[in-house]
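A.B. asks: In our numbering, the protein residues as written are 1316 to 1887.
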Ligand SMILES: Cc1cc2nc3c(=O)[nH]c(=O)nc-3n(C[C@H](O)[C@H](O)[C@H](O)COP(=O)(O)OP(=O)(O)OC[C@H]3O[C@@H](n4cnc5c(N)ncnc54)[C@H](O)[C@@H]3O)c2cc1C
């Protein structure tokens, strides 16, 4: 045993206060361990705070109670067809088996509670076992006022996701706001959230009605506070303390007051959110050209991965179809002059009257596929024609009706967005192509062909509208295909989208108990990983809504249960 001086002793040290780390810390505290969380940033939440907060938990109780039947067996078939047998097959089996129970555990013992999303199709419904409803859950909205002064400690969502400079809105709020003059119920709901927001602003810097990912991390943080689990802010984990056998005994934190050595009797959990902002790992693991943008929290710099490597851990990069979970983003210009990123997740691409083209002016994808699949298609297209960026093309009438990126529906005056360069507009397609530097003949040809499909309702080239997901995000009031409408009346608009990731898929190799594995596939004593520090159990695939947060929560639970001695080492 190494003799060392310790500044603090605990059972479990959790590095990173995102959804993965906070779940592990919370469960460990419930199971009777003494826990300390160290966080690099000055706020909790990480990328999770800016996320949509959806978890993919097939067979969850909340959906079943609401009448949405599903079975983990069907989900297993789906994952088997999508991913196949690989080194994380066992992790997936455990994930599907434990997922519903973990959510019930949290609902029973903590303030972390979820609601069923109902209809929310898996992203590849043309594969056996895919579900249409019942698998996705979202956190219940959370009242940030319950945190008192610590509300300031919750990382806010990205500005582009808030209205009026600080009001969070979920999907149902958006439906109400857009329909506020067509229904009394929607008007009342819209008025109530706006009134609440205006009242909040008398006391707080932003609205306290937290939705989506902010509700998830708010609930986790609140539950940790109730159990008196300390979160040490601006205290990144910097180094391990190990004995001669390599067992991790504790860690050194780099705090403003200097190094702090913490003994962790039951282990250290790495939950530092993955390597998104580490140029070396980006270059090593990501496809070429490496995505120029990332939506991950700026503090996620691969610290967990780098530290794990110092302890001889192996990295799970072989079995991955890709190194990240992707989304196309447009680059916004904020009022203060800084740049922001808007993820084109669900609101615009599937709507009727929009196509995506490469520099040859050619379509390359069913525009309504998942954000992850869209970027994979960008990479395939880029092999033959410049697709970085890809261009979203539509009429300006489309923007007024559905919005485009960060431009909200009902926006008729685009001057501000044209001036900032966020969107380009021209009266005819040829001029638009010239403006953005793509092939005019190719674009004209693509639009003419697409418009023919819009009349028949059948996209013969890419099948836009064929997937449940397409129609879910399309316009149900439009026919014959809710995702196809002609692009024929100018002015026309073009918006550039680039590949980015919402999280990393490649990560540290672990067993299904989250124990970090060395090059010989043996667990390194005292070391766990979860969240995006852990190599994704989906091996780079993106089956449905909640593909990263579902595993972050379920395996955060398993890491803590193992450390607390509540899981048999051979439980699987
Ligand atoms: C716009 C958007 C929408 C998304 N929507 C969804 C969704 O609906 N469903 C879904 O499944 N996924 C979604 N994601 C992805 C999801 O948010 C992330 O995959 C998830 O947050 C990862 O959780 P984590 O706990 O591993 O990391 P994070 O949430 O990033 O937290 C990591 C924490 O570790 C801290 N940290 C970093 N280095 C150190 C260090 N050295 N010491 C201590 N702390 C450290 C960071 O500061 C951070 O607080 C979305 C992402 C974005 C950007």
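Backbone N, C-alpha and C define an ideal beta-carbon position, used for all residues, glycine too.
(1) Could you pull the start and end residues of the alpha helix (DSSP H) that residue 1453 belongs to?
(2) Taking 7 angstroms as the cut-off, is the C-beta of residue 1824 nearer than that to any heavy atom in ligand 1?
(3) Pop quiz: residue 1460 and residue 1523 are said to be a contact at Cβ under 8 angstroms. What is the actual Cβ separation, rounded to whole angstroms?
(4) Residue range of the alpha helix (DSSP H) that residue 1623 falls in?
(5) How long is the line joining the alpha carbons of residue 1377 and residue 1651, rounded to whole angstroms?
(6) Please tell me whether residue 1848 and residue 1605 are closer than 8 angstroms, where the distance is taken between their beta carbons.
(7) Does the Cβ of residue 1698 have 16 or more other Cβ atoms within 10 Å, making it buried, or fewer, making it exposed?
(8) For the beta strand (DSSP E) that contains residue 1839, what are its first and last residues?
(9) Check whether the segment 1637–1650 and the segment 1808–1825 are in contact - that is, three or more C-beta pairs closer than 8 angstroms.
(10) Hey, would you say residue 1685 sits closer than 8 angstroms to residue 1410, going by beta carbons?
(11) Using only alpha-carbon positions, find the residue among 1718, 1668 and 1615 that is nearest to residue 1659.
(12) What residue does the alpha helix (DSSP H) around residue 1492 start on, and which one ends it?
(13) One question on the structure: do residue 1691 and residue 1778 come within less than 8 angstroms of each other, judged by their Cβ atoms?
(14) Grouping DSSP H, G and I as helix and E and B as strand, with all else coil, what is residue 1603?
(15) Can you say whether residue 1359 is buried or exposed, counting buried as having 16 or more other CB atoms within 10 angstroms of its CB?
(16) Just confirm the distance between the C-beta atoms of residue 1820 and residue 1855, as a whole number of angstroms; I'd bet it's less than 8 angstroms.
(17) Any chance the CB of residue 1784 is under 7 angstroms from a heavy atom of ligand 1?
(18) Which residue's Cα is closest to the Cα of residue 1386: 1555, 1695 and 1408?
(19) Going along the chain, which residues of its own chain have a beta-carbon closer than 6 angstroms to the beta-carbon of residue 1443, five neighbours each way excluded?
(20) Can you tell me which of the three DSSP states residue 1802 falls into?
(21) So residue 1840 and residue 1583 are in contact, right, with Cβ under 8 angstroms, and what is the actual spacing, rounded?
(22) Shortest alpha-carbon distance to residue 1775 belongs to which of 1688, 1487, 1794 and 1761?
(23) Given 7 angstroms as the limit, tell me if residue 1529 has its C-beta closer than that to any heavy atom belonging to ligand 1.
(24) So for residue 1438, helix, strand or coil by DSSP?
(25) Please classify residue 1620 as buried or exposed, where buried requires at least 16 other C-beta atoms within 10 Å of its C-beta.
(26) Take the Cβ of residue 1731 as the centre, count every other Cβ of all protein chains shown within 10 Å, and call the residue buried at 16 or more, exposed below.
(27) Closer than 7 angstroms to a non-hydrogen atom of ligand 1 - does that hold for the CB of residue 1720?
(28) Check whether the segment 1417–1429 and the segment 1445–1461 are in contact - that is, three or more C-beta pairs closer than 8 angstroms.
(29) I want to check one thing, is the minimum distance from the CB of residue 1628 to the heavy atoms of ligand 1 below 7 angstroms?
C.D. replies: Let me lay it out:
(1) Element bounds for residue 1453: not the alpha helix (DSSP H) but the beta strand (DSSP E), 1451–1454.
(2) no
(3) 5 angstroms
(4) 1618–1625
(5) 42 angstroms
(6) no
(7) exposed
(8) 1838–1844
(9) yes
(10) no
(11) 1718
(12) 1486–1493
(13) no
(14) coil
(15) buried
(16) 5 angstroms
(17) no
(18) 1408
(19) 1392 and 1396
(20) coil
(21) That pair is no contact at about 11 angstroms.
(22) 1761
(23) no
(24) coil
(25) buried
(26) exposed
(27) no
(28) yes
(29) no
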